[in-house]
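Chemist: Can you read through this structure? Questions will come right after.
In the numbering used here, the protein residues as written are 321 to 584.
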């Protein structure tokens, strides 16, 4: 907005384009994180003070529209960052924070720790392996990770394949509007776009990672002691991304795709 400082520096935007993500510290206040966690604990049916009640490695909670979640996703700093990465007026405000996969310390693999991208359309198909993504990222402008608890290296931080969004863009491009299904990706790319570089989405409560929608990521087992609360909502686009602009004035989320395609 006019008269406000940008949320992201030029270096951070460059990192988003090349690495596929940017970390924003203090993106929302810890007070909101604490309020949100109180709501989430009640929804789990577990006792926060009694680990004997933490019997599952993951408890998946539905959409939460309560004020702490609405306020967390709509801070001025985050709105400014959405504008910088996706474009003013080109994203839809969120009224909630989507699903929370709450991860408990456990030696058990929950069976959901494989590498993937979050496919964004074709959800009418009954088999999720038939859900799809295309090079225009239909249905998704950003992948976002909102940390509502402190997340260290042992606390099941999301694993990120740095720069994988560029490989995914090159893979999706020949399929055009139709895109490719998750099943296609598993069959065609069993290495899951391994770039040889991995980052962990760690940080104190209030940290947010804004990620390119093609970024390959994965969950992992929780080896720590404190329960992990994280939301992973999409930022929805207000129209398709444009990857063939006559004026060349690409937004960062689009420019990353152009960089990938131009370097084939």
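Don't be surprised by glycine CBs; every beta carbon is placed ideally from N, CA and C.
This structure is a prediction, so every number in the text was calculated from the model and none was measured.
Along the chain, which unbroken stretches of the alpha helix (DSSP H) at least 4 residues long are found entirely within the segment 357 to 426?
Modeler: 387 to 393 and 396 to 406
Chemist: Just the Cα atoms here: how many angstroms apart are residue 515 and residue 482?
Modeler: Counting from one through the chain shown, the residue named residue 515 turns up at place 195. Counting from one through the chain shown, the residue named residue 482 turns up at place 162. Roughly 7 Å between the two C-alpha positions.
Chemist: For a minimum of 3 consecutive residues, which ranges assigned as the beta strand (DSSP E) are wholly contained in the segment 417 to 502?
Modeler: 420 to 423, 462 to 467 and 479 to 481
Chemist: Measuring straight from C-alpha to C-alpha, what distance separates residue 404 and residue 468?
Modeler: Position 84 of the chain shown holds residue 404. Position 148 of the chain shown holds residue 468. Distance between the alpha carbons of residue 404 and residue 468: 24 Å.
Chemist: Hey, how far is the Cα of residue 509 from the Cα of residue 499?
Modeler: Within the chain shown, residue 509 is the residue found at index 189, counting from 1. Within the chain shown, residue 499 is the residue found at index 179, counting from 1. Straight-line Cα distance between these residues: approximately 15 Å.
Chemist: Between the C-alpha atoms of residue 474 and residue 539, what's the straight-line distance to the nearest angstrom?
Modeler: Translated into the one-based positions of the chain shown, residue 474 becomes position 154. Translated into the one-based positions of the chain shown, residue 539 becomes position 219. Spanning the two alpha carbons is a distance of roughly 12 Å.
Chemist: Measure the Cβ-Cβ separation of residue 533 and residue 457 and say whether it is below 8 Å.
Modeler: Within the chain shown, the letter at position 213 stands for residue 533. Within the chain shown, the letter at position 137 stands for residue 457. A contact, by the Cβ cut-off of 8 Å.
Chemist: To which residues does DSSP link residue 565 through a beta bridge?
Modeler: If you number the chain shown from 1, residue 565 lands on position 245. Residue pairing for residue 565: DSSP places it in no beta bridge.
Chemist: Is the distance from the Cβ of residue 521 to the Cβ of residue 577 below 8 Å?
Modeler: For the purposes of this step, residue 521 is taken as residue 201 along the chain shown, with counting starting at 1. For the purposes of this step, residue 577 is taken as residue 257 along the chain shown, with counting starting at 1. Taking 8 Å as the Cβ cut-off, residue 521 and residue 577 do not qualify as a contacting pair.
Chemist: I'd like to know whether the C-beta atoms of residue 526 and residue 348 end up nearer to each other than 8 Å.
Modeler: For this step, residue 526 is matched to residue 206 along the chain shown. For this step, residue 348 is matched to residue 28 along the chain shown. Contact: yes.
Chemist: State yes or no: is the C-beta of residue 432 within less than 8 Å of the C-beta of residue 460?
Modeler: Counting from 1 along the chain shown, the entry for residue 432 is found at position 112. Counting from 1 along the chain shown, the entry for residue 460 is found at position 140. Contact: no.
Chemist: Report back the beta-carbon spacing between residue 556 and residue 412 to the nearest angstrom; my notes put them in contact at under 8 Å.
Modeler: Along the chain shown, read from residue 1 onward, the residue named residue 556 stands at position 236. Along the chain shown, read from residue 1 onward, the residue named residue 412 stands at position 92. About 4 Å; that satisfies the 8 Å criterion.
Chemist: With residue 341 as the anchor, note down where its beta strand (DSSP E) starts and where it stops.
Modeler: Counting from one through the chain shown, the residue named residue 341 turns up at place 21. Taken as a continuous stretch (DSSP letters only), the beta strand (DSSP E) holding residue 341 covers 341 to 344.
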